[in-house]
Amino acid sequence: MKSRIAAGIVVVVFLAAAGGGVWYAKKLRTQPAGMQAGFEPAESVQTVVAGTAPFRKMAQLSGTVVPLRAVTLATEVSGVVKEIRFDSDQVVEEGQVLLTLDTSTEQADLEAVVASIGVAEASVRAAEASVKLWESNLARMEEALKAKAVAATEMDNARSQLDAGRAQADKARSEVEQAKARAAQVRTQIEKKTIRAPFKARTGLRNIHPGQYLAEGATIVSLQGVTDDIYLDFAIPQEYLSEVKQGDIVIAQSSVLGTEPAKIQIVAIDAEANYQTRNVRVRTKVDNRSGKLRQGMFVDVSVPVGATSNPIVVPATAVRRAAFGDHVFVIAPSAAPNAKPGELRAQQRFITLGPMIGGDVVVVSGLKEGEEIAAAGSFKLRDGALVMKGAPGNAAGGTPANGPGGSGQAKGDPDKTEQAKSK
């Protein structure tokens, strides 16, 4: 009995629902066409007018800091370190003694050589005295020979003794010179064991210690000259070489140089290109009175290449990026026949983008100067969406469309340039 009652209730509910559906369908067919559509909300967005901005392509290259003067000190002779007079990262003056090697052996050799000089000089004096004696004897023999008091053979012997004496004196003098040369050689050896700074410089890391044996040619320390300026070298591709010349200004940027880009001048261009990379090395000079730049540091260098142009730019925030393509929403009056006066619609427009200029992006194709596009709030739009302009914004790269003075020209620094990477 209960099952029959439940089945009856289900049938009644089904018939009621079917009847309600039929009634609602008839009501929709009898309504005017304008009342069938529901209310369409308008999306509020800020708009800007696509404008232009001065633009010059910049080749962004990698620069390397190179000191005006830099050397790696090494030993000319081997020896044991006796004294070290510098420390790591220390500024040393020109001529300052940095290191001495043990010279006890050389000092002993020098004393022996100096003593031999004294002996040789004594031999010279003895030989010269003998020469004078033989010269006197020869003079007397010549007088005696005139008087026929001596034989000619005795005269010949006297001359022979004089010649031998003179040769002995010359030999003694040569021995003196030889000893002096040996002394100079030992002194030079001693001097080479005293290492001095060749110019005012900052020392690198010290890795030697007293008592350490250093072979000939062993590295002592690297020195980087302390100067007001420092070189910044970079390699430029051969296709851009005609765009640069000595005296040109390029832009350097690094956290070491500060937040603002630094303008630096080209001082030299290499005479040849690298055979492997086909790049040409360019040298610039940077102010380094702060001493922050060190040898080998990396610095970004932007080199202007090509002529200045005025491409169309829009705020980067106005561009919608998607897998199917970059696009913007152009805001234009509705083209529908039954559109209300002043009704605006969003038109999806696919565009080709170029490089960035600050907060703006260059539009290569797909957009014309003066066209109004959605900026803030564009993420809410779809193709054909009803649009209501919001309060004027201050988006970069374009003049607010409903702001004062909207001329379609891009706002911003006229000196902005693109920094595009070059291979």
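Start counting at 1 in the sequence shown, then tack on 8, and there's your number in our numbering.
Even glycine gets a Cβ: it sits at the ideal position worked out from N, Cα and C.
Everything numeric in this text was worked out from a predicted model, so none of it was measured.
For residue i, name the three-state secondary structure that DSSP assigns.
| i | result |
| --- | --- |
| residue 105 | strand |
| residue 43 | Note that residue 43 scores 44 on pLDDT, short of 50, meaning its location in the model is unreliable and no value can be drawn from it. |
| residue 390 | coil |
| residue 227 | strand |
| residue 246 | helix |
| residue 118 | helix |
| residue 362 | strand |
| residue 316 | coil |
| residue 200 | helix |
| residue 193 | helix |
| residue 322 | strand |
| residue 76 | coil |
| residue 410 | With a pLDDT of only 46 at residue 410, under 50, the local geometry of the prediction cannot be trusted, and the value read off the model is given with reservation. Residue 410: coil per DSSP, three-state reduction. |
So which of the options has the shortest CA-CA distance to residue i?
| i | options | result |
| --- | --- | --- |
| residue 64 | 261, 386, 375, 363 | 363 |
| residue 213 | 338, 202, 279, 232 | 232 |
| residue 73 | 57, 240, 137, 198 | 240 |
| residue 437 | 174, 341, 112, 67 | The structure shown does not extend to residue 437, since the chain spans only 9 to 431, so no value can be given for it. |
| residue 120 | 188, 301, 225 | 188 |
Just curious, the beta strand (DSSP E) that residue i is in, first and last residue?
| i | result |
| --- | --- |
| residue 369 | 368-373 |
| residue 51 | 51-53 |
| residue 207 | Counting along the chain, residue 207 falls outside any beta strand (DSSP E), and DSSP gives it neither H nor E. |
| residue 304 | Note, residue 304: premise wrong, no beta strand (DSSP E); not H, not E. |
| residue 295 | 287-295 |
| residue 216 | Unbroken run through residue 216: none, as it is neither H nor E. |
| residue 337 | 335-341 |
| residue 253 | Neither: residue 253 is in no beta strand (DSSP E) and is coded neither H nor E. |
| residue 87 | 87-92 |
I'd like to know whether the C-beta of residue i is nearer than 8 Å to at least one C-beta of chain D.
| i | result |
| --- | --- |
| residue 310 | You won't find chain D in this structure, because it holds only one protein chain. |
Buried or exposed: which applies to residue i, given that a residue is buried once 16 or more other Cβ atoms fall within 10 Å of its Cβ?
| i | result |
| --- | --- |
| residue 210 | buried |
| residue 343 | exposed |
| residue 292 | buried |
| residue 348 | exposed |
| residue 178 | exposed |
| residue 335 | buried |
| residue 262 | buried |
| residue 421 | Bear in mind that the predicted position of residue 421 carries a pLDDT of just 40, short of 50, making it unreliable; the figure below should be weighed with that in mind. By the neighbour-count rule (16 or more Cβ atoms within 10 Å), residue 421 is not buried but exposed. |
Would you check if the distance between the CB atom of residue i and the CB atom of residue j is smaller than 8 Å?
| i | j | result |
| --- | --- | --- |
| residue 184 | residue 122 | no |
| residue 288 | residue 243 | yes |
| residue 352 | residue 294 | no |
| residue 80 | residue 285 | no |
| residue 91 | residue 208 | no |
| residue 203 | residue 107 | yes |
| residue 309 | residue 109 | no |
| residue 398 | residue 54 | yes |
| residue 320 | residue 375 | yes |
| residue 238 | residue 76 | yes |
| residue 378 | residue 57 | yes |
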